[in-house]
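As structure tokens, the structure follows; a few thoughts come after it.
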Amino acid sequence: MSDSLSGQPKYAGKHNSPSLLSPESPGGSPKLQVPSPIVTRRTRTESTSARAFENPTELGKVRMFSRSKGHGFISSDSTGGDIFVHISDIEGEYIPLPGDEVKYRLCPIPPKYEKNQAINVHIINLTPEVHLRWDCPVSEEETESHGH
Numbered sequence: 001m002s003d004s005l006s007g008q009p010k011y012a013g014k015h016n017s018p019s020l021l022s023p024e025s026p027g028g029s030p031k032l033q034v035p036s037p038i039v040t041r042r043t044r045t046e047s048t049s050a051r052a053f054e055n056p057t058e059l060g061k062v063r064m065f066s067r068s069k070g071h072g073f074i075s076s077d078s079t080g081g082d083i084f085v086h087i088s089d090i091e092g093e094y095i096p097l098p099g100d101e102v103k104y105r106l107c108p109i110p111p112k113y114e115k116n117q118a119i120n121v122h123i124i125n126l127t128p129e130v131h132l133r134w135d136c137p138v139s140e141e142e143t144e145s146h147g148h
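So the sequence shown is residues 1 to 148, counted in the UniProt record's numbering.
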């Protein structure tokens with residue numbers, strides 16, 4: 001099974017239910033704000049996606065990513081600011097870890113389109129830690145650490 005937009009294979013457990021994607025989810029820092037509403041690849045309009053793919057590729061490092069919550073943040077190399085990333089916008093076979101170097105494109109977040117989120121996120125340099133694949137079951141540690 002592959003994603004029709006990217007041709008990348010989909011992995012079991014990659015897409016979590018909307019109930020796990022609450023905008024009230026703590027991001028681990030008061031500075032990290034989860035957008036509301038959360039725009040996923042599935043709910044993004046075709047025209048918004050097309051415009052986003054016209055944007056240049058950006059570089060950054062994963063600041064944090066929670067598979068069980070379904071989102072994380074990337075620290076932008078160009079601005080130093082934090083960019084929201086939804087689980088549905090991570091490409092490739094590995095679950096990102098803090099410090100992974102990534103390339104991505106920016107996509108404006110509705111309704112005001114004043115902030116951006118990262119889409120089409122590819123890990124370009126893995127940290128030395130062991131990386132799990134999307135098809136690995138969510139561990140009890142991941143689930144317990146996020147109050148599920």
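C-beta atoms are modelled at their ideal positions from N, C-alpha and C, and glycine is treated no differently.
As the structure is a computational prediction, the values presented were derived from the model and not from experiment.
(message) If you measure between the beta carbons of Asp-100 and Lys-69, is that distance less than 8 Å?
(response) No. Outside cutoff.
(message) Excluding the 5 residues flanking Gly-81 on each side, which residues of the same chain have their C-beta closer than 8 Å to its C-beta?
(response) Within the same chain, Gly-81 has close Cβ partners Ser-75.
(request) Buried or exposed for Pro-128, please, with buried defined as at least 16 other CB atoms from any protein chain shown within 10 angstroms of its CB. (result) Pro-128 should be labelled exposed.
(request) Please state whether DSSP places Asp-100 in a helix, a strand or coil. (result) Coil at Asp-100, not helix or strand.
(message) Pop quiz: Ile-95 and Leu-132 are said to be a contact at Cβ under 8 Å. What is the actual Cβ separation, rounded to whole angstroms?
(response) The C-beta distance from Ile-95 to Leu-132 rounds to 5 Å, short enough to meet the 8 Å contact threshold.
(request) For Tyr-113, count neighbouring C-beta atoms within 10 Å of its own C-beta (all shown protein chains included) and say buried if the count is 16 or more, exposed if not. (result) Flag for Tyr-113 reads exposed.
(request) Would you identify the three-state DSSP class for Arg-63, choosing helix, strand or coil? (result) In the three-state scheme derived from DSSP, where H, G and I count as helix and E and B as strand, Arg-63 is classed as strand.
(message) How far does the beta strand (DSSP E) with His-71 in it extend, from its first residue to its last?
(response) Where His-71 is concerned, the enclosing beta strand (DSSP E) starts and stops at 71-76.
(message) I believe Asn-55 touches Leu-97 by the beta-carbon criterion, under 8 Å. Please report the beta-carbon distance rounded to the nearest angstrom.
(response) Separation of the CB atoms of Asn-55 and Leu-97 is rounded to 25 Å, and the pair is thereby denied contact status at 8 Å.
(message) Could you compute how far the alpha carbon of Ser-139 sits from the alpha carbon of Arg-67?
(response) Roughly 10 Å separates the two Cα atoms.
(message) If you follow the beta strand (DSSP E) that residue 212 is in, where does it begin and where does it stop?
(response) Residue coverage of the chain in this structure runs from 1 to 148, which leaves residue 212 outside it and unanswerable.
(message) Quick check on the burial criterion: 16 or more other C-beta atoms within 10 angstroms. Buried or exposed for Val-85?
(response) Counting the other CB atoms within 10 Å of its CB gives Val-85 a total of 16 or more, which places it among the buried residues.
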